[in-house]
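Chemist: Have a look at this one before I ask anything.
Numbering (UniProt numbering), first residue to last: 1 to 289.
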């Protein structure tokens, strides 16, 4: 029922306003309670009633969580349409830690020491903290959460943790509907890219391994040292072909190379390894003289 609500085509006389919300959060591991500090950027599109348009007595709110190598800009066109079509009155789009304008800082947990070491579990900790702040502290009502790709896995991770302990997203945050786009596909349905071996050029594992890059995260002249971290960089053509193309042909409105500079983000290698099922290791993290 809500799928029809969210993606229907009925229109109303409405406009939207955009604002940026910033949340300073303490992310806690679900079991150990060790901490990491997050500053989470949330793009908020809200309904603005035009003269003569209907009064919305029960506004609907949606929170989007983006996927691998993305940030909140991916969902901004959809957010505008949901408002203009009257399908939602508040649309929130978060930047996962290390993406867009969201950042992290070390806490009591050994990892992550920097944003190159962020994992899917860290994403889940940050999202739990964000939902707690928005719904419990601020009293916002979020009826639906939508996760694309990695964002879907993050939502599933949270729901699984709650389920093991007798809870769920509804009882914890009041979320009634969950929509997963291109997320985890349960067995026995095949996900070719994820199941293919490293030797296959279409393998997700091969993609993560072959497009790793080493980036300098910071340096000091005296005593001289540099801090490095591994990331996965999505090539521009791959980004377009997997998100904005049909049969290899880019669709109308596909982003330009210049636009991709703000739309496509580096993915921390640890999170990427989690996603494709690599055995986790932390290659050459730390300082170098």
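Every residue gets a Cβ at the ideal spot worked out from N, C-alpha and C, and that includes glycine.
Pairing CB atoms from the segment 109-122 with CB atoms from the segment 16-23, are three or more of them under 8 Å?
Modeler: no
Chemist: May I ask which residues mark the beginning and end of the beta strand (DSSP E) holding residue 227?
Modeler: 224-232
Chemist: Given that a residue counts as buried once 16 or more other Cβ atoms are within 10 Å of its Cβ, and exposed if not, what is residue 59?
Modeler: exposed
Chemist: Considering only residues of the same chain and omitting the five flanking positions on each side of residue 28, which have a CB-CB separation below 6 Å?
Modeler: Once the five neighbours on either side are set aside, the close Cβ partners of residue 28 are 35.
Chemist: Quick check: the segment 128-148 against the segment 109-116, are there 3 or more CB pairs under 8 Å?
Modeler: no
Chemist: With a 10 Å radius around its C-beta and 16 neighbouring C-beta atoms as the bar for buried, classify residue 261 as buried or exposed.
Modeler: exposed
Chemist: Touching or not, the segment 103-111 and the segment 72-86, by the rule of three or more beta carbon pairs under 8 Å?
Modeler: no
Chemist: Rank 221, 128, 246, 252 by C-alpha distance to the C-alpha of residue 37 and give the top, closest one.
Modeler: 128
Chemist: Name the DSSP bridge partner or partners of residue 251?
Modeler: Residue 251 is not bridged to any residue.
Chemist: Which whole runs of the alpha helix (DSSP H) in the segment 114-180 are 4 residues long or more, in chain order?
Modeler: 120-131, 150-164, 169-173
Chemist: Return the chain-ordered list of same chain residues with a C-beta closer than 8 Å to the C-beta of residue 269, the five sequence neighbours on each side being excluded.
Modeler: 116, 208, 212, 229, 230, 231, 232, 283
Chemist: Where DSSP assigns a beta bridge to residue 104, which residues make up the other side?
Modeler: 38
Chemist: From the DSSP output, which residues share a beta bridge with residue 46?
Modeler: 17, 90
Chemist: Under the rule that 16 or more other beta-carbon atoms within 10 Å means buried, what is residue 57, buried or exposed?
Modeler: Exposed is the call here.
Chemist: Which term fits residue 252, buried or exposed, when burial requires 16 or more other beta carbons within 10 angstroms of its beta carbon?
Modeler: exposed
Chemist: Within 10 Å of its beta-carbon, does residue 163 have 16 or more other beta-carbons around it, so buried, or fewer, so exposed?
Modeler: Burial call: exposed.
Chemist: If you reduce the DSSP assignment to three classes, tell me which class residue 56 lands in.
Modeler: Looking at residue 56 - three-state DSSP - the assignment turns out to be coil, as it is neither helix nor strand.
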